[in-house]
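As structure tokens, the structure follows; a few thoughts come after it.
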Amino acid sequence: MSERRRIEVLGPGCTRCKETFRVVQSVVEQAGVDADVVKQESIERMMELGLLSTPGIAIDGKIVFSGRIPRVEDVRQALGLT
Amino acid sequence: MSADAETAPAARTSLTAPAAAWRARLLALLGVGAAALLYTRLERIAVFLTYDLGGLARGSHLGAALAFFLFEVPKVLLLLTAVVFVVGVVRSWVTPERARQLLAGRREASGNVLAALLGIATPFCSCSAVPLFIGFVTAGVPLGVTFSFLVSAPMINEVALVLLFGLFGGKVAGLYLATGLSVAFLSGLVLGRLNLERHVEPWVWKIRSGSSVTASEKRFADRVADGRAAVADIVGSVWLYVVLGIAVGAGIHGFVPTNFMASFMGKGVWWGVPLAVLLGVPMYSNAAGIIPVVQALLGKGAALGTVLAFMMSVIALSLPEMIILRKVLRPTLIAAFVGIVAAGILVVGYLFNAVM
Chain A
9 MSERRRIEVL
19 GPGCTRCKET
29 FRVVQSVVEQ
39 AGVDADVVKQ
49 ESIERMMELG
59 LLSTPGIAID
69 GKIVFSGRIP
79 RVEDVRQALG
89 LT
Chain B
4 MSADAETAPA
14 ARTSLTAPAA
24 AWRARLLALL
34 GVGAAALLYT
44 RLERIAVFLT
54 YDLGGLARGS
64 HLGAALAFFL
74 FEVPKVLLLL
84 TAVVFVVGVV
94 RSWVTPERAR
104 QLLAGRREAS
114 GNVLAALLGI
124 ATPFCSCSAV
134 PLFIGFVTAG
144 VPLGVTFSFL
154 VSAPMINEVA
164 LVLLFGLFGG
174 KVAGLYLATG
184 LSVAFLSGLV
194 LGRLNLERHV
204 EPWVWKIRSG
214 SSVTASEKRF
224 ADRVADGRAA
234 VADIVGSVWL
244 YVVLGIAVGA
254 GIHGFVPTNF
264 MASFMGKGVW
274 WGVPLAVLLG
284 VPMYSNAAGI
294 IPVVQALLGK
304 GAALGTVLAF
314 MMSVIALSLP
324 EMIILRKVLR
334 PTLIAAFVGI
344 VAAGILVVGY
354 LFNAVM
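Each protein sequence line maps, in turn, to chains A and B. Just add 8 to the spot in the first sequence (first one is 1) and you have our numbering. Just add 3 to the spot in the second sequence (first one is 1) and you have our numbering.
Now the structure itself:
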């Protein structure tokens, strides 16, 4: 059985970060991916992962996307769905 | 049955994948051509709509304001879309991560120049200020060099340059670029020499910064997609500011008497430039919203240097960004930052007024 993945949406809480969270959540729900989606506002965590430009998306501790609001295709690609 | 369901959609497609891609490219090219043609006709269309169709009298306040509005809105939006797309594609190569790699461990002067230049190409959102700052300094980018980047990135961006070019021409846009780079370079250099490292919040230095693995190998189709995403993102979030800014500009253009601004923003007043810089600090707008206002002010007799100083001050010295940076910088350092950048902008303002 595959492990439940952990998706972190990183950002200090501005509108772009919230929008990113919404996009990721909707893709995860629609695709039925087995994952927890959490909003991460901690600077320490962003630094730990090496994120420089928010918003950012990390899957299981690895940054897969950053710098702007992702489109649905970007999230799907990051999740390995396309 | 499932086999039929899988083959049926394929049978319904009339074009093979490569042919469909060529059709998409042709349509895109036609679209661009049509947009370019439209662009050249905009002023005539605006005049027609306002005076011939709308029945307003030529020379009337409302007529002037409306014609201005109807001309500038589609013109600026078209220009913006085109440039944001191109820069969006270029940006897939220049990322903050690459900028950090290039700047880590650089000496002053050459590092400041590179940082100021890289800031132009790098996207910047105020909320990125903190992660960016920490990420840079903990990776070994000198403090002054980081500041050059932080000044250049928000102030000199393609949106500002496009709008300046579209509304004032290449000379003004070029001068803004050159002086903006100088302000970024010099303020970073000075700040670096002041050795203010102890005024950075101590916890910043303790952070272990990881380096993220960035995908540098992208197909060109992905980069084009990045361009389109940039348009959707940037133009999508900025268009309302542009329209509002142009509306304000149209109002000023149509209703404020000519040379009204000359009384306190004109060349003759020595305190015009410092006043403009001071006014700009508590205000924040992105370039898209403020430039149309700037154009209208200019049309009413405000001096170019004063107005540009105001614009730079509004964009580069934003109160929200200072508040965000308070998390990582002590008040002394923030004050030094604001003071030095403001001084640079002041010099630019006086210079423009003297020379133009």
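In this text, a Cβ means the ideal position worked out from N, Cα and C, and glycines have one as well. All figures in this text were calculated on a predicted structure; none of them were measured in a lab.
What's the gap between the Cα of residue i and the Cα of residue j?
i: Leu322(B); j: Val284(B); result: 7 Å
i: Trp273(B); j: Ala357(B); result: 11 Å
i: Leu332(B); j: Trp206(B); result: 10 Å
i: Ala14(B); j: Ala39(A); result: Reliability of the predicted coordinates at Ala14(B) is poor, the pLDDT of 48 falling under 50, and no value is obtained from them.
i: Leu178(B); j: Met158(B); result: 13 Å
i: Ala339(B); j: Phe72(B); result: 40 Å
i: Asp42(A); j: Asp236(B); result: 28 Å
i: Leu120(B); j: Val280(B); result: 24 Å
i: Gln33(A); j: Ala86(A); result: 13 Å
i: Ala312(B); j: Ala31(B); result: 39 Å
i: Gly302(B); j: Thr261(B); result: 7 Å
i: Val80(A); j: Cys130(B); result: 22 Å
i: Leu59(B); j: Ala68(B); result: 11 Å
i: Val46(A); j: Arg24(A); result: 15 Å
i: Thr84(B); j: Val297(B); result: 21 Å
i: Glu11(A); j: Gly138(B); result: 31 Å
Going by DSSP, what residue range makes up the beta strand (DSSP E) through residue i?
i: Asp44(A); result: 43-48
i: Val72(A); result: 70-74
i: Ala66(A); result: 64-67
i: Leu94(A); result: Residue 94(A) is absent from the structure shown; chain A starts at 9 and stops at 90.
Tell me whether residue i is buried or exposed, calling it buried when 16 or more other Cβ atoms sit within 10 Å of its Cβ.
i: Phe223(B); result: exposed
i: Ile77(A); result: buried
i: Ala290(B); result: buried
i: Ile326(B); result: exposed
i: Val35(B); result: exposed
i: Phe258(B); result: exposed
Report all residues from its chain with a CB closer than 6 Å to the CB of residue i; omit the five preceding and five following residues, and keep chain order.
i: Phe152(B); result: Ala118, Gly122
i: Val144(B); result: Leu106, Ala107
i: Gly62(B); result: none
Following the continuous alpha helix (DSSP H) through residue i, name the residue where it begins and the one where it ends.
i: Ala305(B); result: Per DSSP, Ala305(B) belongs to no alpha helix (DSSP H) and is neither H nor E.
i: Glu204(B); result: Segment: none, Glu204(B) is in no alpha helix (DSSP H) and carries neither H nor E.
i: Val116(B); result: 113-124
i: Glu81(A); result: 80-86
i: Leu52(B); result: Looking at the DSSP string, Leu52(B) is not in any alpha helix (DSSP H), and its letter there is neither H nor E.
i: Met55(A); result: 51-57
i: Trp242(B); result: 239-258
i: Gly352(B); result: 334-358
Considering only residues of the same chain and omitting the five flanking positions on each side of residue i, which have a CB-CB separation below 8 Å?
i: Thr125(B); result: Arg94, Val97, Thr98, Pro99, Ala102, Phe152, Ala156
i: Ala22(B); result: none
i: Val398(B); result: Because chain B spans 4 through 359 in this model, residue 398(B) falls outside it and cannot be assessed.
i: Leu199(B); result: Leu146, Thr335, Leu336, Ala339
i: Gly195(B); result: Glu111, Asn115, Pro145, Leu146, Gly147, Val148, Phe150
Starting from the C-beta of residue i, find all residues in its chain whose C-beta is less than 7 Å away, skip the five residues before and the five after it, and write them out in chain order.
i: Gly381(B); result: Given a span of 4 to 359 for chain B in the structure shown, any question on residue 381(B) remains unanswerable.
Practice problem: Check each residue of the segment 75-86 of chain A: if its Cβ is closer than 7 Å to any Cβ of chain B, include it; give the result in chain order. | Solution: Gly75, Arg76, Ile77, Arg79
Quiz item: Which residues, in chain order, does the segment 23-38 of chain A contribute to contact with chain B at a C-beta distance below 9 Å?
Solution: Thr23, Arg24, Cys25
Self-check item: Contacting positions in the segment 111-139 of chain B - beta carbon closer than 7 Å to chain A
Solution: Close to chain A, meaning a Cβ-Cβ distance shorter than 7 Å, are the following residues of the segment 111-139 of chain B: Pro126, Cys128, Cys130, Ser131, Val133, Pro134, Leu135, Ile137, Gly138.
Self-check item: Cβ-based contacts, 7 Å cut-off: residues of the segment 39-63 of chain A near chain B
Solution: Ile51, Glu52, Met54, Met55, Glu56, Leu57, Gly58, Leu59, Leu60, Ser61, Thr62
Exercise. Can you give me, in chain order, the residues of the segment 227-251 of chain B that have a beta carbon less than 8 Å from any beta carbon in chain A?
Key: Ala228, Ala232, Ala233, Ala235, Asp236
Self-check item: Within 9 Å of chain A by C-beta, residues of the segment 155-169 of chain B in sequence order
Solution: From the segment 155-169 of chain B, no residue has a Cβ closer than 9 Å to chain A.
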